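In order, the protein sequences belong to chains A and B. Sequential numbering from 1 applies to the first sequence in full-length UniProt numbering. Sequential numbering from 1 applies to the second sequence in full-length UniProt numbering. A virtual CB, placed ideally from N, CA and C, is assigned to each residue, including glycine. The structure presented is a predicted model; accordingly, all values stated were derived computationally and were not measured.
Protein chains: 2
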Amino acid sequence: MKAVKVGLLGLGVVGGGTWKVLTNNADEIQRRAGRRIEVVGVAVRDVQKAQGLVGDSAYVTQDGMRVVRDPDIDVVVEVIGGETLAREWIMEAIAQGKHVVTANKALLARHGNEIFAAAEAKGVTVAFEAAVAGGIPAIKAIREGLAANQIQWVAGIINGTSNFILSEMRSRGQSFHEALAEAQLLGYAEADPTFDVEGVDAAHKLTLLASIAFGIPVQFNKTHTEGISHLAREDIAHAERLGYRIKLLAITRRSERGIELRVHPTLIPTERLLANVEGAMNAVLVSGDAVGPTLYYGQGAGELPTASAVVADLVDVARAFDVDPAHRVPHLGFQPESMVDIPILSMDDVVSSYYLRLRVEDRPGVLADLARILADADISIGSMFQEPHGDNDADIIFLSHEAREGNVEDALRKIQYLPFVKSKVTRLRMEHLL
Amino acid sequence: MKAVKVGLLGLGVVGGGTWKVLTNNADEIQRRAGRRIEVVGVAVRDVQKAQGLVGDSAYVTQDGMRVVRDPDIDVVVEVIGGETLAREWIMEAIAQGKHVVTANKALLARHGNEIFAAAEAKGVTVAFEAAVAGGIPAIKAIREGLAANQIQWVAGIINGTSNFILSEMRSRGQSFHEALAEAQLLGYAEADPTFDVEGVDAAHKLTLLASIAFGIPVQFNKTHTEGISHLAREDIAHAERLGYRIKLLAITRRSERGIELRVHPTLIPTERLLANVEGAMNAVLVSGDAVGPTLYYGQGAGELPTASAVVADLVDVARAFDVDPAHRVPHLGFQPESMVDIPILSMDDVVSSYYLRLRVEDRPGVLADLARILADADISIGSMFQEPHGDNDADIIFLSHEAREGNVEDALRKIQYLPFVKSKVTRLRMEHLL
């Protein structure tokens, strides 16, 4: 069979990895796909450097439009990142009737609905396994492997940088800033780490996971996003002592009241597999009504793991190459006409368990007052832990049973203004997940 | 689009579950598959009982041939198990040009080559996600999600019964027979547990995993199979103390010398995720050259989890319904003409680490003699542990570095006949897996 001809937009970490995997594993890929997959054109900023890598086997240009409009090219792989050029080139590739493979979660999270609609109108595929959880085939698992299920919820550790920082904070007792500096030194965090440590990158990925889990539009702007930069090392230590680890979780859950979309630091019982995902690894836990909970684990970033997902998408495209679009797996796993716009739940209406830590004057009546406010807000306490701080104060930690977040926020506002409360109350969410 | 019409062979645990999932999730499945999936005929032994479940929506017959020859039926789901009727009916379904979905690992492990060849000749699909690791989409992950990789090895906990027994032996200090009796009481083990506890079921599944990992024929008869019935509770306790857990692992690995195919109890470092897969859960760890290690975890058996995999296969069939066969994913992930017959390595040539336990007279020179025999066989000891037994004896445990199994067996034969060795030497394999 005829080779599939690929145009590669970008030859950085992921693009270079894609080139390497396609070259090194060309025979194994052909054994699987039934045809060769060849890069014939590359668009990059630094043409000379790229020529050093690709040699004579493909042309190299600075002009992405030349690649996406090249009539010889069947599939365009977009791995430049960013939202401006990437969007223009992808939209033009679709207009030219080419399939697209992309690792660009930020672009899809913000403009996915437009991009998928254009692809459907043209009958081409936009594949994005590499956009979520790197080399782990989590998109394929949910969209195809669990197709028999009503998905109930998805909870993922899908930002390796934050997970690395949290692992270091716990195992070495570091502060956030110490662990961040180390992550930067080791190349796990960028010079500007905002997207990773403030949960934005995880939220980009979560909104894609929610779409394929529930058949809803991509809606990044409705995702509640909290990062890990405000986490204190004592909360990590307290959590550990109480049998929990803190992870930056991306959670989406379907209930009768709507869909939850939230990214935030979360206490997880230590015995759960998800609590034991350490370092820069990723894991996605998916619960379906028939299958129960399932977990997908592996490297969520990096040159070759991400390229593994890009090339898997290329093999899918190659295998189903000129199949009519109605017989392909839909972009978001649901037929376009079957997508539904279920409301996203406000955080006030989310039900979770809570970890609350506060410093109080150590005198009679304090606990009674706190307990009364919590009880009045319908918040039931599962366990409590108190230790002295200096001569006159005490630190108190409450672990609540499930409560409505709006009630917790109301109670915390009251507690915050009690005269004997001497710190800002720390409030973290806890999930038991199984 | 026209509904996909299904003939269901068997309405036991998995068949009943398939019926329930197709019924309960009919709308969600249609949203994904783009068409309805309807059971129109059922073949069972007990017609009356089946009619109680399916009502008027499908005919019920004892005659499987009626179902597989029914011209209205597009896909046959075989969930009766066994190798005689199942094989006849599947071969006839293929001859009739129907797609087949099966959960029958024993049949595929023994007759898969013949069945897949017949299906290829007829241009139909034989899908078997449910045959390995129940609801976990492990087949899809390897065959499609990791298609960019040269798979290096696969190691799985793929028999829930044995894993449940090993979990109970460890956590409750039970003997194998006590834990087996409990597993039988709880329905995790059958009255005749041989296939599960002697590793046969895991070996059936492993041979399928090896085929899709490496593109080799299905060859169950070449799989080395050891079960857990001979495991002593003290070995589980010793392993725990040394930082390991014992799991029944199914391992296949590609090296330059050939392919390993082996099922046996294995020590795994406690901090590995695989060591923490407890109870009846399953997990498959797959390492590819680009992606690195990835893990897939979930329920490996049971009515609804297994049905989840059966129905996912039906959705795949429905989505690619009348696509020409060259554009479908090949049965074993590799194009039929690209399958290769790499030799299977004999166990003597396998390289692993080893746990050795023996009882000896506690007198000078014993350790020196043992150490000399091991050194002469090129077996290097990583750690050693000795404790007194009674007044005159001692139990010694060696943990070796990697060694060739043939050398270990030679050394053990010599050690076994030393005059001061008072027990049969226990030899277990250890794998570090990452």
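Beta-carbon within less than 6 Å of residue i's beta-carbon, same chain only, minus the 5 sequence neighbours each way: which residues are those?
i, result
"Pro336/A", "Glu120"
"Val351/B", "Glu402 and Arg404"
"Val284/B", "Ala133, Ala138, Gly156 and Tyr296"
"Asp395/A", "Arg359, Glu387 and His389"
"Phe334/B", "Gly215"
Between residue i and chain A, is there a C-beta pair that is closer than 9 Å?
i, result
"Asp322/B", "yes"
"Arg328/B", "yes"
"Phe334/B", "yes"
"Gln30/B", "yes"
"Ser167/B", "no"
"Val21/B", "yes"
"Glu129/B", "yes"
"residue 437/B", "There is no way to answer for residue 437/B, as the model of chain B reaches only from 1 to 434."
"Ser171/B", "no"
"Ala33/B", "yes"
"Gly12/B", "no"
"Leu231/B", "no"
Grab me the residues of residue i's own chain with a C-beta within less than 7 Å of its C-beta, minus the 5 sequence neighbours each way, in chain order.
i, result
"Thr252/A", "Trp153, Val154, Leu206, Leu209, Ala210, Ala213, Ile259, Glu260 and Leu261"
"Asn159/A", "Asp196, Asp201, Ala202 and Leu248"
"Ala113/B", "Ala is not the amino acid found at residue 113/B; the sequence shown has Asn there. Only Pro217 and Val218 meet the Cβ criterion."
"Ala106/A", "Glu83 and His204"
"Asp289/B", "Asn149, Gln150 and Gln152"
Could one say the Cβ of residue i lies closer than 9 Å to chain B's Cβ atoms, at least one of them?
i, result
"Arg357/A", "no"
"Ile136/A", "yes"
"Thr294/A", "yes"
"Asp316/A", "yes"
"Ser277/A", "According to the sequence as given, residue 277/A is Val; it is not Ser. Taking Cβ atoms only, chain B reaches closer than 9 Å to Val277/A, which makes this a yes."
"Tyr354/A", "no"
"Asn25/A", "yes"
"Gln299/A", "yes"
"Glu271/A", "yes"
"Met1/A", "yes"
"Gly17/A", "yes"
Kindly list, in the order they appear in chain A, the residues whose Cβ is closer than 8 Å to that of residue i.
i, result
"Thr225/B", "The contacting residues do not exist; Thr225/B stays about 27 Å from chain A at best."
"Ser308/B", "Leu146, Ala148, Asn149, Gly288, Ala290 and Val291"
"Gln152/B", "Those within 8 Å of Gln152/B in chain A number zero; the least Cβ separation is about 12 Å."
"Pro305/B", "Ala290, Val291 and Gly292"
Taking residue i as the query, report the chain A residues whose CB atoms sit under 7 Å from its CB, ordered along the chain.
i, result
"Arg253/B", "Simply none; closest approach about 16 Å."
"Ser211/B", "Going along chain A, no residue has its Cβ under 7 Å from Ser211/B, so there is no contact; the nearest lies around 13 Å."
"Ser338/B", "Arg31"
Who are the near neighbours of residue i in its chain, counting only those whose CB is closer than 8 Å to its CB and skipping five residues on each side?
i, result
"Gln184/A", "Glu190, Ala191 and Pro193"
"Val311/A", "Thr18, Val21, Leu22, Asn25, Ile29 and Ile37"
"Val14/B", "Val79, Ala103, Ala130, Glu303, Thr306, Ala307 and Val310"
"Asp235/B", "Ile246, Tyr355, Arg357, Thr426 and Leu428"
"Ala109/B", "Ala203, His204, Lys205, Thr207, Leu208, Val218 and Phe220"
"Gln299/B", "Gly134, Gly135, Ile136, Gly160, Ala280, Met281, Asn282 and Pro305"
"Val315/B", "Ile29, Arg32, Ala33 and Ile37"
"Arg66/B", "Gly41 and Ala43"
"Arg233/B", "Met169, Gly173, Gln174, Ser175 and Phe176"
Using a cut-off of 8 Å between C-beta atoms, extract the partners of residue i located in chain B.
i, result
"Arg311/A", "Correcting the residue type first, residue 311/A is Val in the shown sequence and not Arg. Going along chain B in sequence order, the residues near Val311/A (Cβ under 8 Å) are Ala147, Ala148 and Ala290."
Hey, residue i and residue j are a contact pair by Cβ (cut 8 Å); roughly how many whole angstroms apart?
i, j, result
"Ala280/A", "Val263/A", "That pair is no contact at about 17 Å."
"Val6/B", "Val75/B", "5 Å"
"His327/B", "Phe321/A", "7 Å"
"Leu242/A", "Leu399/A", "7 Å"
List the residues of chain A that residue i touches, going by C-beta distances under 9 Å, in chain order.
i, result
"Lys140/B", "Pro137, Lys140, Ala141, Glu144 and Gly145"
"Gly215/B", "Glu28, Arg31 and Arg32"
Check the Cβ of residue i against every Cβ in chain B and list those closer than 7 Å, keeping chain order.
i, result
"Arg319/A", "His327 and Val329"
Can you give, in chain order, each stretch of the alpha helix (DSSP H) that sits fully within the UniProt domain "ACT" (355-430) of chain A and has at least 4 residues? List check, alpha helix (DSSP H) in window: 366-376 and 405-416.
4 or more residues per run - each alpha helix (DSSP H) lying fully within the segment 289-325 of chain A: 303-319
Every unbroken beta strand (DSSP E) within the segment 156-193 of chain A, with a cutoff of 3 residues, ordered by chain: none
Could you name each continuous alpha helix (DSSP H) segment of 4 residues or more that falls completely within the segment 76-140 of chain B, going from the start of the chain to the end? 85-95 and 105-122
Residue ranges of each alpha helix (DSSP H) within the segment 209-246 of chain B, 4 or longer: With a minimum length of 4 residues, the continuous alpha helix (DSSP H) runs that stay inside the segment 209-246 of chain B are 233-241.
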